[in-house]
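Undergrad: In the working numbering, the protein residues as written are 66 to 515. Ideal Cβ positions, reconstructed from N, Cα and C, are used throughout, including at glycine. After the structure tokens below, expect a handful of questions from me.
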DNA sequence: CCAGGACGCGCG
DNA sequence: AAAGCGCGCGTCCTGG
């Protein structure tokens, strides 16, 4: 760890103490539920395996690998594909046949039993990585993950034994099963408080791009929607939730992290069929693109290249200037300092240099807030407890009667006090609060009405 | 037999 | 010229 200033040292010193409290508090686990689920999931895995063995692919697998057959082995599967002459588009970094979910999904049409294999993988991940691990690390019904501040290059935190920061949520079915196991103490609620779009906002504090700042300050503006419009050549009234999602996750964020138009174009294009994208007026996107003169993939790629050029050279000119200057300074000095006072040095790629300071400082906003909230809870002798942290969110186990006071404290610290504390924060910060019912589990969290 | 590489996959 | 950032953890597999 290389703090360059006293306040940076202080942040991590106090952060360590506060996180030690969080670790000691622990999060309550519904152990009987989890044990029951473990059995159920194991049975489902077995059922799928029985089904797969009898499938054409399963039989071929057995005839090739005999007693060594192992349906968990990606190595065997890629060998099998080679032998059977099954073509797979994607390859791994080391040049081997890729058998990840995306590659396999492309084969489902011609080999339907692949679906069973994918199902098995999902359930095994759930049981092996989550259910089993949480049960094993549970002590007296409480799980006490370790929150580390000394292990990440960007000065973010990490979490282990178990890793509380990667509990499934994107896959609804899997997410519900596992999050149902995280519960509040008797008669209480779980509360999760997120910083909304913290990395984009903290990036503004570095590049100070006026266009980006106005996107954040002006609530009628919407960058993800605007970029979705440009990428798919649409008007405002043609945008749907799915189309905006693609603008956000297949153009804007990848671009911020340093991706380039070839990948973006590919992902935006593939999403059209995968998600069956249609305009709000129900016109299929490819049809729409075609009538706007973009008839082939190659034309689409050229179009996205132009969108990218406009994005960085026209729209966010000042952002681009910062990236250039910041990287140049790194090349000159061999290091750079974050706004929060930490030094990053050593060999880094251009993308690393641009991303590290933002990722680190964004987390430091969360850490600083967590420390303040923890101190207030102690000073006021409150019963609510902080039980976890996930990069841009704090999770509390709250006494119901303290709910309103807790929300006030969170809002005050995370959106007001922090701006007073760090004068380099030049954009407003905002939070979102989600709460479970009394005795409700983590999968029942709902946004608190304001 | 163990350590570590490779891969896959979960989250922000 | 390069070509998306950060983690932890499970399994399989190879090489010492």
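1) Who does residue 400 pair with in a DSSP beta bridge?
2) Under DSSP, the alpha helix (DSSP H) around residue 200 begins and ends at which residues?
3) Let me make sure I understand the geometry here. Which of 496, 342, 223, 95 has the alpha-carbon closest to that of residue 208?
4) Between which two residues does the beta strand (DSSP E) containing residue 453 stretch?
5) Considering only residues of the same chain and omitting the five flanking positions on each side of residue 270, which have a CB-CB separation below 8 Å?
6) Decide yes or no for the touch test of the segment 380–395 against the segment 180–189: beta carbon pairs closer than 8 Å, at least 3 of them.
7) Buried or exposed: which applies to residue 83, given that a residue is buried once 16 or more other Cβ atoms fall within 10 Å of its Cβ?
8) Under 8 Å, do residue 453 and residue 179 count as touching if we go by C-beta distance?
9) I need the DSSP call for residue 371, collapsed to helix, strand or coil.
10) Measure the alpha-carbon distance for residue 306 versus residue 354 and round it to whole angstroms.
11) Look up residue 512 in the DSSP assignment and give the residues it is bridged to.
12) Taking only the alpha-carbon atoms, compute the straight-line gap between residue 85 and residue 212 and give it to the nearest angstrom.
13) When the Cα of residue 429 is compared with those of 264, 279, 363, 396, which residue comes out closest?
14) For residue 394, count neighbouring Cβ atoms within 10 angstroms of its own Cβ and tell me buried if that reaches 16, exposed if not.
15) Is it the case that the Cβ atoms of residue 79 and residue 436 are separated by a distance below 8 Å?
16) At which residue ranges does the segment 421–476 contain complete beta strand (DSSP E) runs of 3 or more residues, listed in the order of the chain?
17) What's the C-alpha gap between residue 381 and residue 272?
18) Is the CB-CB distance between residue 245 and residue 503 below 8 Å?
19) Identify, in the order they occur along the chain, each residue of the same chain with its Cβ nearer than 6 Å to the Cβ of residue 195, setting aside the five sequence neighbours on each side.
20) Counting pairs of Cβ atoms below 8 Å between the segment 96–116 and the segment 464–479, do you hit three or more?
21) Return yes when the Cβ of residue 169 is within less than 8 Å of the Cβ of residue 182, no when it is not.
22) Enumerate in chain order the residues of its own chain whose CB-to-CB distance from residue 333 is below 8 Å, with the five nearest sequence positions on each side excluded.
23) Which of the three DSSP states is assigned to residue 349 in this structure?
24) May I ask you to list the residues that DSSP assigns as paired with residue 224?
25) Take residue 331 as the anchor and find which of 440, 391, 362, 500 has the nearest alpha-carbon.
26) Where does residue 239 fall in DSSP's three states?
27) In its own chain, which residues sit with a C-beta less than 6 Å from the C-beta of residue 156, not counting the 5 before and 5 after it?
28) With DSSP as the reference, label residue 342 as helix, strand or coil.
29) Indicate the three-state DSSP secondary structure (helix, strand or coil) for residue 306 in the structure shown.
30) Can you have a look at residue 419 and say buried or exposed, based on whether 16 or more other CB atoms are within 10 angstroms of its CB?
31) Rounded C-beta distance between residue 69 and residue 402? I'm assuming under 8 Å.
32) What is the DSSP secondary structure of residue 274, reduced to helix, strand or coil?
33) Just to check my reading of the structure: residue 107 and residue 192 have Cβ atoms closer than 8 Å, yes? What is that Cβ distance to the nearest angstrom?
34) Counting only the same chain and skipping the five closest in sequence on each side, list residues whose C-beta sits under 7 Å from that of residue 476.
35) Do residue 304 and residue 294 come within 8 Å of each other at the CB atom, strictly closer than that value?
36) Identify the residues that DSSP records as bridge partners of residue 259: which are they?
TA: Let me spell this out:
1) For the purposes of this step, residue 400 is taken as residue 335 along the first chain, with counting starting at 1. Under DSSP, residue 400 forms a beta bridge with 410.
2) As a position in the first chain, residue 200 is number 135, starting the count at 1. Start and end: 197–202.
3) Here residue 208 refers to the residue found at position 143 of the first chain. Measuring from the Cα of residue 208, the nearest candidate turns out to be 95.
4) Taking the first residue of the first chain as position 1, residue 453 is located at position 388. According to the DSSP assignment, residue 453 belongs to the beta strand (DSSP E) that extends over 450–454.
5) The residue you call residue 270 lines up with position 205 of the first chain. For residue 270, where only same-chain residues beyond five positions count, the Cβ hits under 8 Å are 404, 426, 489, 490, 491, 492.
6) no
7) To locate residue 83, count along the first chain from 1; it is residue 18. Buried, because 16 or more other Cβ atoms sit within 10 Å of the Cβ of residue 83.
8) For the purposes of this step, residue 453 is identified with residue 388 of the first chain, where counting begins at 1. For the purposes of this step, residue 179 is identified with residue 114 of the first chain, where counting begins at 1. No, the Cβ-Cβ distance between residue 453 and residue 179 is not below 8 Å.
9) As a first step, residue 371 is located in the first chain; it is residue number 306 there, counting from the start. Residue state, collapsed to three classes: helix.
10) Numbered from its first residue, the first chain carries residue 306 at position 241. Numbered from its first residue, the first chain carries residue 354 at position 289. So the alpha carbons of these two residues sit roughly 18 Å apart.
11) Taking the first residue of the first chain as position 1, residue 512 is located at position 447. Paired residues: 499.
12) As a working mapping, residue 85 is identified with position 20 in the first chain. As a working mapping, residue 212 is identified with position 147 in the first chain. Cα to Cα, residue 85 sits roughly 8 Å from residue 212.
13) To locate residue 429, count along the first chain from 1; it is residue 364. Of 264, 279, 363, 396, the residue nearest in Cα terms is 264.
14) For the purposes of this step, residue 394 is taken as residue 329 along the first chain, with counting starting at 1. Result: exposed.
15) Within the first chain, residue 79 is the residue found at index 14, counting from 1. Within the first chain, residue 436 is the residue found at index 371, counting from 1. Taking 8 Å as the Cβ cut-off, residue 79 and residue 436 qualify as a contacting pair.
16) 450–454, 458–463
17) On the first chain, residue 381 is found 316 positions in, with the first residue counted as 1. On the first chain, residue 272 is found 207 positions in, with the first residue counted as 1. Their backbone Cα atoms lie some 10 Å apart in a straight line.
18) The residue you call residue 245 lines up with position 180 of the first chain. The residue you call residue 503 lines up with position 438 of the first chain. No, they are not a contact pair.
19) For this step, residue 195 is matched to residue 130 along the first chain. For residue 195, where only same-chain residues beyond five positions count, the Cβ hits under 6 Å are 243.
20) no
21) For this step, residue 182 is matched to residue 117 along the first chain. For this step, residue 169 is matched to residue 104 along the first chain. Yes, they are a contact pair.
22) As a first step, residue 333 must be located in the first chain, where it is residue number 268. Once the five neighbours on either side are set aside, the close Cβ partners of residue 333 are 296, 297, 311, 315, 316, 365, 369.
23) Counting from one through the first chain, the residue named residue 349 turns up at place 284. Of the three classes helix, strand and coil, the one that applies to residue 349 here is strand, per DSSP.
24) On the first chain, position 159 is the one that residue 224 refers to. Residue pairing by DSSP places residue 224 opposite 212 in a beta bridge.
25) Taking the first chain and counting its residues from 1, one reaches residue 331 at position 266. Comparing Cα-Cα distances from residue 331 to each of 440, 391, 362, 500, the minimum goes to 362.
26) Numbered from its first residue, the first chain carries residue 239 at position 174. The answer is helix: DSSP assigns residue 239 an H, G or I state.
27) Reading the first chain from its first residue, position 91 is the one you call residue 156. Contacts found: 163.
28) One-based indexing of the first chain puts residue 342 at position 277. The answer is coil: DSSP assigns residue 342 none of H, G, I, E or B.
29) On the first chain, residue 306 is found 241 positions in, with the first residue counted as 1. Residue 306: helix per DSSP, three-state reduction.
30) As a first step, residue 419 must be located in the first chain, where it is residue number 354. Per the 10 Å Cβ criterion, buried.
31) Position 4 of the first chain, counted from the first residue, corresponds to residue 69. Position 337 of the first chain, counted from the first residue, corresponds to residue 402. That pair is a contact at about 5 Å.
32) Residue mapping note: residue 274 aligns to position 209 of the first chain, counting from 1. Coil.
33) Position 42 of the first chain, counted from the first residue, corresponds to residue 107. Position 127 of the first chain, counted from the first residue, corresponds to residue 192. The beta carbons of residue 107 and residue 192 sit about 6 Å from each other, so the pair counts as a contact at 8 Å.
34) Residue mapping note: residue 476 aligns to position 411 of the first chain, counting from 1. Around residue 476: 496.
35) One-based indexing of the first chain puts residue 294 at position 229. One-based indexing of the first chain puts residue 304 at position 239. Yes.
36) If you number the first chain from 1, residue 259 lands on position 194. Paired residue(s): 458, 497.
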